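Following: one structure in structure tokens, then a few remarks.
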């Protein structure tokens, strides 16, 4: 009986120990699994952060590259515009310089003509030419006035016809 009780207690104790070992093992397993999950989450977080840092670096680099490209194109356009402006100014300067030279030559030739007229003794011819020039210029003024009046009358008639049609 003593041996039987002892054996029953031993079996009960072994079962209780086995249960405790099993509980201990499941608790350790759960704890290890929770630790592993936490470490895995931390690794995923750190990998995600690293990936985001890389993506932000790429975005920043692309943004800087776009800004540099825009600045470069603006600089090129500005340079082209300045060159075109300089080219235009040089062309304008050459054009007006040649016009000025022509006027200077014309003025010098007018001085020579005036000297020739002064040297001529035929002042009557000069006087007649002077009056003829004055007459011609007065006719030219009258001609201009008359053409303006005719143009105005034609325009008024056209507007009147247009108004009557409306």
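In the working numbering, the protein residues as written are 33 to 198. Ideal Cβ placement from N, Cα and C applies to all residues, glycine included. Quantities reported herein were computed from a predicted structural model and do not represent experimental measurements.
{"Query": "Helix, strand or coil, according to DSSP, for residue 198 in the structure here?", "Result": "coil"}
{"Query": "Please report the distance separating the alpha-carbon of residue 125 from that of residue 118.", "Result": "10 Å"}
{"Query": "According to DSSP, is residue 33 part of a helix, a strand, or is it coil?", "Result": "coil"}
{"Query": "In whole angstroms, what separates the C-alpha of residue 96 from that of residue 105?", "Result": "14 Å"}
{"Query": "Could you check the C-alpha separation between residue 47 and residue 40 for me, to the nearest Å?", "Result": "10 Å"}
{"Query": "Residue 56 to residue 64, Cα distance in whole Å?", "Result": "12 Å"}
{"Query": "Which parts of the segment 111-164 are runs of the beta strand (DSSP E), unbroken and 3 residues or longer, counting only runs that do not cross its ends?", "Result": "none"}
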